[in-house]
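Trainee:
2 protein chains.
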Amino acid sequence: MNRVETLFWKNDRLFVLDQTRLPVEMVYVTCESYRDAAEVIRTMKVRGAPAIGAVAAFGLVLGALETGGDRETFLSGLELIAGELLGTRPTAVNLRWALERILSKAADTPGDAADLRRVLLAEAVAILREDVEANRRIGAYGNELVPDPARILTHCNAGALATAGYGTALGVVRAAREAGKRVKVFADETRPFMQGARLTTWELMCEGVEVVLLADSVAGYLMAQKDVDLVVVGADRVAANGDVANKIGTYGLAVLARAHGIPFYVAAPLSTIDPRTASGREIPIEERDPGELTHFCGRPIAPEGVSVWNPAFDVTPNALITALITDAGVLKPPFEESLRRVLGGGQEV
Amino acid sequence: MNRVETLFWKNDRLFVLDQTRLPVEMVYVTCESYRDAAEVIRTMKVRGAPAIGAVAAFGLVLGALETGGDRETFLSGLELIAGELLGTRPTAVNLRWALERILSKAADTPGDAADLRRVLLAEAVAILREDVEANRRIGAYGNELVPDPARILTHCNAGALATAGYGTALGVVRAAREAGKRVKVFADETRPFMQGARLTTWELMCEGVEVVLLADSVAGYLMAQKDVDLVVVGADRVAANGDVANKIGTYGLAVLARAHGIPFYVAAPLSTIDPRTASGREIPIEERDPGELTHFCGRPIAPEGVSVWNPAFDVTPNALITALITDAGVLKPPFEESLRRVLGGGQEV
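Chains L and D, in that order, are what the protein sequence lines are.
Per the numbering used here, residue 545 is the first one in the first sequence, and the count goes up by one each step.
Per the numbering used here, residue 545 is the first one in the second sequence, and the count goes up by one each step.
1) Flag this pair as yes or no: are the beta carbons of A789/D and I829/D separated by less than 8 Å?
2) Are the stretch 833 to 846 of chain D and the stretch 805 to 815 of chain D in contact at 8 Å, needing three or more beta carbon pairs?
3) By the 10 Å Cβ neighbour count, where 16 or more other Cβ atoms means buried, how is V690/L classified, buried or exposed?
4) Residues in the stretch 588 to 610 of chain D with C-beta within 8 Å of chain L's C-beta atoms, listed in sequence order?
5) Is S823/D helix, strand or coil when you go by DSSP?
6) Pull up the distance between the alpha-carbon of N546/L and that of A678/L, whole angstroms please.
7) What is the C-beta distance between E667/D and I646/D, in whole angstroms, given that I count them as a contact (C-beta under 8 Å)?
8) Whole angstroms is fine: what's the gap from S884/D's alpha carbon to I865/D's?
9) What does DSSP give as the partner residues of P634/L in its beta bridges?
10) I need the DSSP call for I696/L, collapsed to helix, strand or coil.
11) Let me check one thing: in DSSP terms, what residues is P855/L bridge-paired to?
12) Does any residue of chain D have a CB that is nearer than 8 Å to the CB of D858/L?
13) Roughly how many whole angstroms lie between the Cα atoms of S882/L and G778/D?
14) Cβ closer than 9 Å: which chain D residues qualify as neighbours of R843/L?
15) Using C-beta distances below 8 Å, list every residue in its chain close to D656/D, excluding the 5 sequence neighbours before and after it, in chain order.
16) Relative to the C-alpha of D771/D, which residue among F730/D, G612/D and E674/D is closest?
17) Looking only at its chain, what residues have a beta carbon closer than 7 Å to the beta carbon of L660/L, apart from the 5 residues adjacent to it on each side?
18) Look at the alpha carbon of G824/D and the alpha carbon of T860/D, and state the distance between them as a whole number of angstroms.
19) Let me know if E747/L comes out buried or exposed under the rule of 16 or more other beta-carbons within 10 Å of its beta-carbon.
20) Between R586/D and the rest of its own chain, which residues show a CB-CB distance below 8 Å, the 5 nearest in sequence each way excluded?
21) Comparing the C-beta of G796/D with each C-beta of chain L, is any distance below 8 Å?
22) Between which two residues does the beta strand (DSSP E) holding F552/L run?
23) Determine the closest residue to A658/D out of G612/D, L814/D, Q769/D and V850/D, with distance taken between C-alpha atoms.
24) Going by other Cβ atoms of all chains shown within 10 Å of its Cβ, with 16 needed for buried, is K554/L buried or exposed?
25) With a threshold of 8 Å, are at least 3 pairs of Cβ atoms found where one atom belongs to the stretch 742 to 756 of chain L and the other to the stretch 679 to 689 of chain D?
26) Which residue wins for smallest C-alpha separation from T745/L, given the options D780/L, T821/L and L705/L?
27) Please confirm whether T745/D has its beta-carbon closer than 8 Å to some beta-carbon of chain L.
28) Output, in sequence order along the chain, the residues in the stretch 622 to 655 of chain L whose CB is closer than 9 Å to any CB in chain D.
29) According to the neighbour-count rule (16 or more other Cβ atoms, all chains shown, within 10 Å of its Cβ), is L624/D buried or exposed?
30) Does any CB atom of chain D fall closer than 8 Å to the CB of W553/L?
31) Taking 7 Å as the cut-off, is the CB of L643/L close to at least one heavy atom of the ligand ZN?
32) Return the Cβ separation of V782/D and L887/D in integer angstroms, given the expectation that the two are a contact with Cβ distance under 8 Å.
33) Quick one: using the 10 Å Cβ neighbour count with 16 as the cut-off for buried, is R726/L buried or exposed?
34) Give the residues from the stretch 727 to 741 of chain D that approach chain L closer than 7 Å (Cβ to any Cβ), ordered along the chain.
35) Within the continuous beta strand (DSSP E) that includes Y809/D, where are the two ends?
36) From what residue to what residue does the beta strand (DSSP E) around A731/D run?
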């Protein structure tokens, strides 16, 4: 997977792997303007909280290339563009985190638009590089929690494709494999967008990891068969108290894991932790188009005009989470305290 | 829905509504031989335990029309055909129940092949009629458990389409509506075969019942929002101890319902109860083609060659079931005793 890049920057353009066409075709979308970047996020051609953050950062760099004027005009233009990018998807906090990091770099850097553009590009590149490094640390810490052999259930795709590379939940799987452990992954297909069926299976099969695809509703029966040693998922936002917003269905898995005495881990970089959100109740949950459920490949699979509720995420309360696997260590409950420590610059092991 | 018949018999042929083409088209498959009947069951053109039983009964009548010879030859031919029909799907016990009822009627009826054919057809017609009557009784008993207003979560399709008419779980919904209650139904889409998205929504919309379609993985989040008053599902087989085999995902829903303090009901006619199966551990769970998960409308949605686990059913242990709603009354735990009473001819209210 190191050869398949989720996104890359070349000749003042951003190239984003179109994940809606995987695993059938591998096609990169070229973003020539910040609006193109907003569009690939909105249409979920790229998804996964850290990957969205990275695309938004480069999107803002594209915006900087499209913006001129004196320093003040440039900076205020940049803020408007950041606002547009921020509006693409509400739940993943990495989007806001990345945009704020670029904006604050711009504010703190002296010079004119040309100077700033160079610095902002370097900052976006740093975000991309640091995300891979964070994922490798997540993998290393998470590996300590993985038995040998291990049967690991995951949901959605928290892999290389959801990040700048390596992955969070799948980073843990990769690190366990690299440590020589025998790992078998059960991948929920993850309706309605099929990230598990299309992306997680593909990533793991590319690396020869044993993976079994399941309908989402099979997870409970699988646990009842005692075929799961641990569950590990990613996150779109972790609140200050450790509540986790992640792909719809995560909460149900956490309840099932608890009922079966199976450890339930959430793997996420510090950029996914939002100290400004006190608890999961305050996390905005995106509701997506009913068409994701009523149609498939353009064909109707439900009666015309049916009512649909299509939340893209749910919230798992901290009490159901065994540990948070971050790039600053494995955090144990009470999460309010352990999160405060690592966000203050501390390290946990 | 009373006008839409799941199956009917006319001019020595069985007509079965092709549920794989709903809700887009309403097409009846004509079964001219028992092999046609076996095929509509195997390919899930008809599904739902009671409906499968009824189709099998008429399938055996078709077999009787194709079989000649003296009484002994005829009866042994019939047994072979019953064996073929029985082999189509392993989990739903109504299939075996209906075939045994027809075979035993044949054995108990004097006369030659021509006499028997007439009697067996009458028996199949009785099975069909009695199933609708059983469903209406299930509805009437179940209605007593439904508050007003009621938000009801259901899984798969246990409606008119799964039965000879009216439905089991949806029979409870219909009876509550007929009693004037304000009912809102949440329908899980039910991967991979989409019975909820395609059939339950359609049945309920035809009758103007408020219905909201959800991805299967949304159920937990819905319960956490306190938007569900009760869960009611059908059954493919109820063991003597009250363990229930039903569509994959039922077990997970039962665990979630328990975690949220929501009543979890199973609605099924006595023909779905199998006193010869002591507990859920002994119920054979059908595993279906991986293609149901890897392809959609003929298009690949997962990497070629991916491993798949595709169990069609799971087992919900009796401890998670609040009550069984049967045509002989609402059964409460301990189910081993309440089931023994009604199978012995008793009545519970």
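A virtual CB, placed ideally from N, CA and C, is assigned to each residue, including glycine.
None of these values were measured; they are calculated from a predicted model.
Mentor: Walking through what the data contain:
1) yes
2) no
3) buried
4) none
5) coil
6) Residue placement at N546/L is flagged as unreliable, the pLDDT there being 47, under the threshold of 50; a coordinate-derived value is accordingly withheld.
7) 6 Å
8) A quick correction: the sequence has Arg, not Ser, at residue 884/D. Taking the straight line joining both Cα atoms gives about 17 Å.
9) Answer by DSSP bridge pairing: none, since P634/L is not bridged.
10) strand
11) E831/L
12) yes
13) 45 Å
14) V568, F840 and C841
15) D614, R615 and F618
16) F730/D
17) A608, F618, A650 and T653
18) 8 Å
19) buried
20) T632 and R633
21) yes
22) L551 to K554
23) G612/D
24) exposed
25) no
26) L705/L
27) yes
28) none
29) exposed
30) no
31) This structure does not include the ligand ZN; it has no bound ligands of any sort.
32) Their Cβ separation, rounded to whole angstroms, is 10 Å, which puts V782/D and L887/D out of contact at 8 Å.
33) exposed
34) E733, R735, P736, M738 and A741
35) F808 to A811
36) V727 to D732
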